[in-house]
Amino acid sequence: MAKRQLIWRYFLPKIKEKNRKWRIQCRLEEKWLVTCRRFRGRKEMKNNIIIMTTVTIILAVFGVVQQGPSVITAGIIAGAKMLIQVIPLLAAAFVLAGMIQVLISKELINKWLGKDAGLKGILLGAVAGALIPGGPYVFYPIAASFLLSGAEIGAVLAFVVAKNLWTISRLPMEVALMGPRLTAIRYIVTFVFPILVGLIANLFFRNYGERVTEQIKLMQTVGDKK
Amino acid sequence: MITALIILFVLAAITSVLAYKKGDGSHRKGFKIAQKTLISMWPLLIIAFLMAGFIQVAIPPDLIRSWLGAEAGLRGVLIGSIAGALIPGGPYVAFPIIASVVNAGAGLGTAVSFITGWAMLGMGAIPFELAIIGSRFMFLRLALVLIIPPLSGIIVNLIP
Numbered sequence: 010m011a012k013r014q015l016i017w018r019y020f021l022p023k024i025k026e027k028n029r030k031w032r033i034q035c036r037l038e039e040k041w042l043v044t045c046r047r048f049r050g051r052k053e054m055k056n057n058i059i060i061m062t063t064v065t066i067i068l069a070v071f072g073v074v075q076q077g078p079s080v081i082t083a084g085i086i087a088g089a090k091m092l093i094q095v096i097p098l099l100a101a102a103f104v105l106a107g108m109i110q111v112l113i114s115k116e117l118i119n120k121w122l123g124k125d126a127g128l129k130g131i132l133l134g135a136v137a138g139a140l141i142p143g144g145p146y147v148f149y150p151i152a153a154s155f156l157l158s159g160a161e162i163g164a165v166l167a168f169v170v171a172k173n174l175w176t177i178s179r180l181p182m183e184v185a186l187m188g189p190r191l192t193a194i195r196y197i198v199t200f201v202f203p204i205l206v207g208l209i210a211n212l213f214f215r216n217y218g219e220r221v222t223e224q225i226k227l228m229q230t231v232g233d234k235k
Numbered sequence: 420m421i422t423a424l425i426i427l428f429v430l431a432a433i434t435s436v437l438a439y440k441k442g443d444g445s446h447r448k449g450f451k452i453a454q455k456t457l458i459s460m461w462p463l464l465i466i467a468f469l470m471a472g473f474i475q476v477a478i479p480p481d482l483i484r485s486w487l488g489a490e491a492g493l494r495g496v497l498i499g500s501i502a503g504a505l506i507p508g509g510p511y512v513a514f515p516i517i518a519s520v521v522n523a524g525a526g527l528g529t530a531v532s533f534i535t536g537w538a539m540l541g542m543g544a545i546p547f548e549l550a551i552i553g554s555r556f557m558f559l560r561l562a563l564v565l566i567i568p569p570l571s572g573i574i575v576n577l578i579p
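Chains as they are written, first to last, in the numbering used here: chain A, 10 to 235; chain B, 420 to 579.
Structural data, given as structure tokens:
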């Protein structure tokens, strides 16, 4: 115990000092920009890791209280199983997202999903969302790549919301288990929402959209080489 | 699952070939971006999958079923939206649960808000959203869509 405390007493001030230095240099010098982005990206990542770990622990505790300690192994196994099942999907989705970023030029995306597109961009995003198969680990990388290539927040939100509501790949299953009547009612009632959400986002949250893109850029700087 | 895999692989292959055809090393750049994203994200992704796993086991379906029962009207719509949000996992996990609730006699509006709540606010997708696209996007999306599941349930209830 004492040894551990000693180690902390040794390292903690050094870490703090390093962080402080970086922070000051980030503010002062232009040439530090790249390093600073990495620094801020790491911070972003660290915050995310802390939040998600906390939620996971809360869930685990909730499960243990309700059902006993076997929940912990069951949770880890369920997560690992899911991960192994979707690794091929994940790989394909990331390659697709990368290719989207190199294939589609800034002008093209501006014209179809960006500032010049308006309602057309929202509709196009929604249709793309309805057509793309796969779970959240597939459509979120693609949505992020759209944002990074310069798509507007409304189009990307329409993409995600349409994936949630219009998705075609879920249709057979929904008809089979819910019955055609309920499925039809649900599709009709929720039909307008992707477009509506896209429009509202474009009208009121355009500036916030740029901050969203900025955050994604920061998060991805962690993988940059020095 | 298999069809999704095939479609995605075909899409990835097509885009890769297109990038290769451009002849300026775009395909290599695309792979590099994919690799970079993966390197940036793998710790978060692993935690995301762990979190999704715990969501799956910590919230038993019976709990949600016992909540819903045969609730109808505004109360049913609201409870339906929340219960829907708590259902984890993809359609293969969620639809049987939803179907059992609907068959137990929940109203049409409740059923619709249940499905919509699962599809839009589902907790199963949140870890990945947070890991891949960030908290700002998540908050904006949640703020904009929070009202949709109860609203669609209410609309369905209004239509005779």
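The beta-carbon is built from N, C-alpha and C at its ideal position, and this holds for glycine as well.
Please read all numbers here as calculations on a predicted model, not as lab measurements.
Beta carbon of residue i nearer than 8 Å to that of residue j
i: A/L174; j: A/G207; result: no
i: B/G509; j: B/T535; result: no
i: A/I141; j: A/A106; result: no
i: A/G84; j: B/V476; result: yes
i: B/S500; j: B/P569; result: yes
i: B/S571; j: A/T176; result: no
i: A/K115; j: A/S158; result: yes
i: B/V575; j: A/I204; result: no
i: A/I162; j: B/L563; result: no
i: A/G127; j: A/K172; result: no
i: A/G4; j: B/A423; result: Nothing about residue 4 of chain A can be reported from this structure: the residues present for chain A run from 10 to 235 only.
i: B/S435; j: A/V104; result: yes
i: B/I516; j: B/P479; result: no
i: A/F202; j: A/V170; result: yes
i: B/F428; j: A/A101; result: yes
i: B/A550; j: B/L464; result: yes
i: B/M542; j: B/L482; result: no
i: B/S532; j: B/V496; result: yes
i: A/V231; j: A/M61; result: no
i: A/A160; j: A/L98; result: no
Closer than 8 Å to chain B by CB, residue i
i: A/V136; result: no
i: A/G88; result: yes
i: A/S158; result: no
i: A/I131; result: no
i: A/A106; result: yes
i: A/S8; result: Outside the shown range of chain A (10 to 235) lies residue 8 of chain A, about which nothing can therefore be said.
i: A/N28; result: no
i: A/L112; result: yes
i: A/F155; result: no
i: A/E183; result: yes
i: A/A126; result: no
i: A/R195; result: yes
Chain A contact for residue i (CB, 8 Å cutoff)
i: B/A530; result: yes
i: B/G509; result: yes
i: B/R560; result: yes
i: B/A477; result: yes
i: B/R555; result: yes
i: B/A523; result: no
i: B/L430; result: yes
i: B/S485; result: no
i: B/G449; result: yes
i: B/S500; result: no
i: B/L577; result: no
i: B/P580; result: Lying before the first or after the last residue shown, residue 580 of chain B is absent from chain B, which here runs from 420 to 579.
i: B/A504; result: no
i: B/I534; result: yes
Extent of the continuous alpha helix (DSSP H) to which residue i belongs
i: A/E116; result: K115 to W121
i: A/P189; result: P189 to T199
i: A/L227; result: R215 to Q229
i: B/E548; result: I545 to I551
i: A/M108; result: S79 to L112
i: B/L427; result: I421 to K440
i: B/K451; result: S445 to A477
i: B/M537; result: Here the sequence assigns Trp to residue 537 of chain B, which means Met is not the residue at that position. Element bounds for B/W537: L527 to L540.
i: B/V519; result: In the sequence under discussion, the amino acid at residue 519 of chain B is Ser, which differs from the Val named in the question. Element bounds for B/S519: P510 to N522.
i: A/S158; result: P145 to S158
i: A/L140; result: L128 to L140
i: B/P569; result: I567 to L577
i: B/S500; result: G492 to L505
i: B/R560; result: S554 to V564
i: A/K172; result: I162 to L174
Would you be able to state if there are at least three C-beta pairs under 8 Å between the segment 153-167 of chain A and the segment 181-196 of chain A?
no
Three-pair Cβ contact test at 8 Å for the segment 128-136 of chain A versus the segment 527-545 of chain B:
no
Cβ contact check for the segment 87-99 of chain A and the segment 443-456 of chain B: 3 or more pairs under 8 Å
With a cut-off of 8 Å on Cβ pairs, the segment 87-99 of chain A is not in contact with the segment 443-456 of chain B, counting fewer than three such pairs.
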